[in-house]
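Worksheet: the structure to be examined is printed underneath.
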Amino acid sequence: MTSRLNPYLGFRDDARQALKFYRSVFGGDLRIGTFAEMGAVQDPADADKIMHGQLETTRGYVLMASDTPSSMSRSDTNNISMSLSGDGADAADLRGYFAALSDAGTVLEPLTQAPWGDEFGMVTDRFGITWLVNITVAPSTPHQPTPEQPEA
Numbered sequence: 015m016t017s018r019l020n021p022y023l024g025f026r027d028d029a030r031q032a033l034k035f036y037r038s039v040f041g042g043d044l045r046i047g048t049f050a051e052m053g054a055v056q057d058p059a060d061a062d063k064i065m066h067g068q069l070e071t072t073r074g075y076v077l078m079a080s081d082t083p084s085s086m087s088r089s090d091t092n093n094i095s096m097s098l099s100g101d102g103a104d105a106a107d108l109r110g111y112f113a114a115l116s117d118a119g120t121v122l123e124p125l126t127q128a129p130w131g132d133e134f135g136m137v138t139d140r141f142g143i144t145w146l147v148n149i150t151v152a153p154s155t156p157h158q159p160t161p162e163q164p165e166a
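Note that the sequence shown covers residues 15 to 166 in my numbering.
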């Protein structure tokens with residue numbers, strides 16, 4: 015099996031709604047298991063909450079999420095953003111994702127040409143998750159970050 019790095023989003027009580035929303039944006043196969051279905055109920059109030067949800071899209075995106083059990087603390091602050099990027103061949107899909115994520119969300123930066131030459135925008139969706147969308151305009155554009163060399 016190939017190793018993968020996937021985003022895992024934590025919610026208090028709305029993981030199901032968030033995952034269904036993301037399925038409406040990206041399409042794909044959504045699988046959801048509650049604490050009760052997985053035999054992990056410690057507090058009866060958590061029985062119908064999502065212990066693990068996973069959305070797999072036809073484009074290969076995998077997004078995971080769960081509700082935080084009532085016995086655990088959860089911070090509403092985060093320093094994580096989701097990034098969607100692609101080139102001109104993906105532009106229509108990426109613009110569509112940006113528009114769908116903006117519905118009932120807050121556009122932080124409209125999807126426009128950025129100083130580095132690409133089309134870029136930022137939106138915080140209705141669940142408080144910030145998304146960065148970047149559409150590469152050309153394979154080689156000015157102002158690209160310099161690759162960092164490993165230390166010897």
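For glycine and all other residues, C-beta sits at the position ideal for the given N, C-alpha and C.
Can you tell me which of the options puts its alpha carbon nearest to the alpha carbon of residue i?
i           : options          : result
residue 82  : 54, 100, 34, 74  : 54
residue 52  : 42, 43, 44, 63   : 63
residue 124 : 135, 151, 114    : 135
residue 71  : 79, 80, 87, 44   : 44
residue 89  : 142, 34, 35, 19  : 142
residue 36  : 61, 60, 116, 87  : 116
residue 109 : 18, 41, 165, 133 : 133
residue 77  : 42, 122, 128     : 42
residue 85  : 27, 112, 39, 94  : 27
residue 21  : 61, 75, 60       : 75
residue 38  : 137, 73, 111     : 111
Across which residues does DSSP place residue i in a beta bridge pair?
i           : result
residue 45  : 68
residue 145 : 96, 137
residue 25  : 81
residue 123 : 136
By the DSSP assignment, the beta strand (DSSP E) with residue i in it spans what residues?
i          : result
residue 80 : 76-81
Just to confirm the assignment, what range does the alpha helix (DSSP H) spanning residue i have?
i           : result
residue 110 : 105-116
If you drop the 5 nearest sequence neighbours on each side, which residues of the same chain put their C-beta closer than 7 Å to that of residue i?
i           : result
residue 65  : 47, 48, 49, 52, 54, 80
residue 33  : 44, 46, 67, 69, 79
residue 128 : 134
Within a Cβ cutoff of 6 Å, which residues of the same chain sit near residue i, ignoring the five residues on either side of it in sequence?
i           : result
residue 140 : 118, 119
residue 105 : 149
residue 23  : 79
residue 30  : 64
Kindly list the residues whose CB is nearer than 8 Å to the CB of residue i, restricted to its own chain and excluding five residues on each side of it in sequence; keep chain order.
i           : result
residue 155 : Residue placement at residue 155 cannot be trusted, given a pLDDT of 45 that sits under 50; the coordinates are not used to answer.
residue 126 : 133, 134, 135
Does the segment 96-108 come close enough to the segment 129-148 to have 3 or more Cβ pairs within less than 8 Å?
Contact holds: three or more Cβ-Cβ distances are below 8 Å.
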